[in-house]
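Note that the UniProt record's numbering has the sequence shown beginning at 1, numbered continuously upward. To keep things clear, I will list the structure first and then write my remarks on it.
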Amino acid sequence: MIQLKSVFYKFSNMLGHVHIVLRDLLSIRATKKVWKNIQEKLQLNDDFFIYNKAYPDENTYEFIDTAGEELGMTHNEILETLGEHFMEYVWKNGWKELLNSIAYDVFGFLNAVTSLHMFIDSLAFQNKVKGPSFYCESNKDGTIKMHYYSLRPNLEYLVKGIICKTSTLLYNIPLHVQLTDKSHDKNLNHCIFIIQPLEKNKKLQITYNTPVKTLRNEILLTLRDFVKIFPTHVCFNRNMFIEHCGIFLTQQLHISPTSPTKINDIFQIVTPLNTGLTFKGIMLHMNTIFILQFKKPFHRHIIASSNSQTKNQQHIFLKDTVKSLLTNQIYLNDYPLYDTQRNVILLNQSRACQQILNTKLKQTVNNLKQIAHELENVKIKTDNILYDTIPTQIATSIKDKLPIEAKEFTEASCLICDIPYFNIINNICSPKEVIGLMTDIFNTYESLILLYNSHKVVSFMDTYFIVCGVPDEQVNHAGNIMNLALGLLWQVKQFYVPVINLPILLRISIHSGPVVAGIIGSKRIRYCILGNTVNTTKTLLSHCEPGKIIVSNAAKLSAMKYSDDNFEFQIKGYIQICDKNATCTFYLEKNLNKSIDEITNIESNNLDSNKIHDGYSRLNSIADIKAWRSAEINSKKQESIVETLKQFQISNTLTSSAIQKIHALKKTLKEKVTNSNSSSAIDSDVITTSINNENTSTKESKICNIM
């Protein structure tokens, strides 16, 4: 059957239906982690999975290759798997009846695939995506030689998977499909497959005996009537010369019945691909729809306006759309009831309207999903800010407006840490550098706190307060908090202070005992830990040396009793907690059962068990402590020099002020002497005496002369 259309295609896009099928395959074959990795690599969202939307081929190929890499498959393996799953997907999602009605055997199905593809693209998807072409040849040994043409390269294994699964689903015939030849010519890829059944009793092509009918010699329909009834038909012979054609084509193309005209002079073939308009080529595609394009335009009058009318017996070439009808002022009532074109137009229009509504609905749903996702992210960020220092279960109860009462815990472990030389860091570094360092350090704290199921209570400047065993009661709270302390000490030591290039040290105190925990405040809610255990931990911190972890005897006994780890301690001695109480304290050195990498949950390539404790020698290094003490001494010297310079500057200011006052006094005395000498009303003796007295009194001192 030959179908005449003046259509041009664009060949650079692939439908999103392929993306949906591949996503469905990954949901079955891959884990959630693998799918998340693919989404992050390709930045996929819901807009990438609209079934009737055309996407650039490079995006589809990238999606397929990335999925293959994550599943550990080669390019050909993932394509073949995708082809098999593609048929399973369409089989289960409404296409089963259509596929069953195409042909009775594998040979007929493969020859009809091109027409099926064209029908689905134009009717179901309403797109201009260019599909492949297939045609088959029967071999004498019962096998099939299939030719596959496509504008897209490297999809032959996708075709192989589709063919194998189709034969199994439709005809219950397992196939062996072998690619025997592959070529590329003028942007067209040509592949040849040999198809044979795996079971010898199965046939790929069923032959039927055509019944012989005795026909009357009398012709009931004349040629003149035939060309009027079928105004757009073309009849040609083996040599491709036109025998006769419809009256419409005769008038518009000026085909003369007297002069022979070849069909190749009027038409050029669009599909099937790589098929010449020859008699042999047409016979090889007996079950295929041909799309031909006119080489020259029609010589007919085009309706210039809506007011123009059609003359008698003038034919109008219409497309299968409502827009074409409106352009020519033709309505469905103008079609005869027996004309199937009415049904085609109605079906196309209803399908187009349905697709437009579905597309709008899909876009609306995607937009709502995006907004909901953004709102959820904002809500999570808001909750993280509001409930930063509140345990998850307590925060959930607050959001659900459930009453929360203070609770007493018989035993928990408290940890307080700070940076002992923070004033030196603050003096050396700029404010921006200090903020950067503290941000990195606090991020390290938070990751380790989550690792050991602990909870941050409060942080202020360089001080951090952590508790374990609250609000979730734990037996091994002391062991967890000690491993946390070792991890904190090690991780923070990886940060170096600029200028002096020294690792940051911590001092940490740990104590175990009863505490009371509860919520305080209404607007700014805080989860508070109270009790003598907290006060004791604060006191221990003030007696701790830099770079050390001080542990009370209560915490040590709890760890030894309930923890599976074996900790090594160094005794420090008794510390006075209050006027009447003192406690024995220890310095925590190492965990004999775990390496530093295991404590901090960092993968290590060091497989030597003898070197498991190498990290602890670096952790307990005295060299770093000595370096910081030297830095502290130098810092104090600098502060002393600066203070001396400040005092000297103040002293210079006071001396300068005294000199100015003396100069002013000297000037005043001279003025008084001058005034007394000029007076003539005074007795000479008195004057003489006065002058002598004045000379005596105004005699300059050595200090004044120096000044």
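Ideal Cβ positions, reconstructed from N, Cα and C, are used throughout, including at glycine.
*Whole alpha helix (DSSP H) runs in the region 491-567 with 4 or more residues, listed along the chain?*
You should have 532-542 and 553-562.
_Gly573 to Leu375 span [Cα, whole Å]_ = Straight-line Cα distance between these residues: approximately 56 Å.
*Candidates Leu450, Ser101, Asp418 and Ile102: which alpha carbon is nearest Met438's?*
Of Leu450, Ser101, Asp418 and Ile102, the smallest CA-CA separation from Met438 is found for Asp418.
*Rounded to a whole number of angstroms, what is the C-alpha to C-alpha distance between Leu332 and Lys145?*
Each residue's Cα considered, the two are about 45 Å apart.
*Hey, could you find the ends of the beta strand (DSSP E) Met87 is sitting in?*
Counting along the chain, Met87 falls outside any beta strand (DSSP E), though it belongs to the alpha helix (DSSP H) covering His75 to Lys92.
_Measuring only the C-alpha atoms, how far is Tyr34 from Glu70?_
Sequence check: residue 34 is Val here, not Tyr. One C-alpha to the other measures close to 6 Å.
*Could you pull out every unbroken beta strand (DSSP E) segment of at least 3 residues lying fully inside the region 193-269, listed in chain order?*
The DSSP assignment places complete beta strand (DSSP E) segments of no fewer than 3 residues inside the region 193-269 at 234-236 and 242-245, in order along the chain.
*Any chance the region 498-511 sits against the region 519-531, with 3 or more Cβ pairs inside 8 Å?*
No contact exists between the region 498-511 and the region 519-531.
_Ranges of the beta strand (DSSP E) found wholly within the region 105-154, counting only runs of at least 3_ = Counting whole runs of 3 or more residues, the region 105-154 contains the beta strand (DSSP E) stretches 133-138 and 144-150.
_Where Glu405 falls: helix, strand or coil (DSSP)_ = Looking at Glu405 - three-state DSSP - the assignment turns out to be coil, as it is neither helix nor strand.
*Distance, Asp624 Cα to Gly469 Cα*: In this structure, the straight-line span from the alpha carbon of Gly469 to that of Asp624 is close to 33 Å.
*Asn343 by DSSP, collapsed to three states: which one?*
The three-state reading of DSSP puts Asn343 in helix, counting H, G and I together.
*Using the C-alpha atoms, what's the distance from Ser397 back to Ile404?*
Taking the straight line joining both Cα atoms gives about 7 Å.
*Check whether Thr81 and Lys41 have beta carbons under 7 Å apart*: Taking a C-beta distance under 7 Å as the contact criterion, Thr81 and Lys41 do not qualify as a contact pair.
*DSSP three-state call for Asp683: helix, strand or coil?*
Reliability fails at Asp683, whose pLDDT of 43 lies under 50, so the model's placement of it is uncertain and the value that follows must be treated cautiously. Coil at Asp683, not helix or strand.
*Look at the alpha carbon of Met118 and the alpha carbon of Ser133, and state the distance between them as a whole number of angstroms.*
Their backbone Cα atoms lie some 10 Å apart in a straight line.
*Between Gln313 and Phe230, what straight-line distance do the alpha-carbon atoms span, to the nearest angstrom?*
Reliability of the predicted coordinates at Gln313 is poor, the pLDDT of 45 falling under 50, and the value obtained from them is presented with this limitation in mind. Rounded to whole angstroms, Gln313 to Phe230 spans 14 Å at the Cα level.
*Out of Cys191, Gln370, Thr389 and Gly487, point me to the one whose CA is closest to Asn45's CA.*
Measuring from the Cα of Asn45, the nearest candidate turns out to be Gln370.
*Check the DSSP bridge columns for Tyr445 and list the partner residues they point to.*
BP columns for Tyr445 are empty, so no partner.
_Supposed close pair Ala412, Val515 - CB separation, criterion 8 Å_ = About 5 Å separates the two Cβ atoms, so the contact holds.
_Secondary structure of Val34, DSSP reduced to three states_ = Three-state result, Val34: helix.
*For Thr583, which residues does DSSP report across the bridge?*
Among the bridge pairs identified by DSSP, Thr583 is matched with Ile575.
*asked:* Spatial neighbours of Thr696 within its chain, please: C-beta separation below 8 Å, excluding the five flanking residues on both sides.
replied: Low local confidence applies: a pLDDT of 40 at Thr696 is under 50, so the model's placement there is unreliable, with the coordinate-based value given in what follows. If we look at Thr696 and ignore the five residues flanking it on each side, it has no Cβ neighbours.
*Mind the definition here: the region 441-452 touches the region 478-498 only if three or more C-beta pairs lie below 8 Å; say whether that holds.*
Cβ pair count under 8 Å is three or more, so yes.
*Please check if any C-beta of chain D sits within less than 7 Å of the C-beta of Glu376.*
The structure shown contains no chain D, having only a single protein chain.
*Give the range of the beta strand (DSSP E) segment to which Phe49 is assigned.*
Premise fails: Phe49 is in no beta strand (DSSP E) and is neither H nor E.
_Cβ separation of residue 715 and Trp91, assumed to be a contact under 8 Å, to the nearest whole Å_ = Outside the displayed span of the chain (1 to 707) sits residue 715, for which this structure offers no information.
*Which full runs of the alpha helix (DSSP H) of 4+ residues lie inside the region 374-435, going along the chain?*
For the region 374-435, the full-length alpha helix (DSSP H) segments reaching 4 residues or more read 392-399 and 422-428 along the chain.
_Where the beta strand (DSSP E) through Thr463 begins and ends_ = Looking at the DSSP string, the run of the beta strand (DSSP E) that includes Thr463 is Thr463 to Cys468.
*Using three-state DSSP, classify Glu589 as helix, strand or coil.*
Correct three-state label for Glu589: strand.
*Where does the unbroken alpha helix (DSSP H) through Ser167 begin, and where does it stop?*
Ser167 -> alpha helix (DSSP H) spans Glu156 to Tyr171.
*Any idea what DSSP makes of Ser306, helix, strand or coil?*
Annotation note: pLDDT 40 at Ser306 (below 50); position unreliable, coordinate value reported separately. In this structure, Ser306 counts as coil in the three-state DSSP scheme.
*Go ahead and pull the three-state DSSP assignment for Ile641.*
Here Ile641 sits in helix by DSSP.
_DSSP state of Ile472 mapped onto helix, strand, coil_ = Note on identity: in this sequence residue 472 is Asp, with Ile being the wrong assignment. DSSP places Asp472 in coil when its eight states are reduced to three.
*Roughly how many angstroms lie between the CA atoms of Asn93 and Thr340, to the nearest whole one?*
Cα to Cα, the separation comes out at about 28 Å.
*Straight-line CA distance for Ile64 to Leu22?*
Looking at the two C-alpha atoms, the distance is approximately 8 Å.
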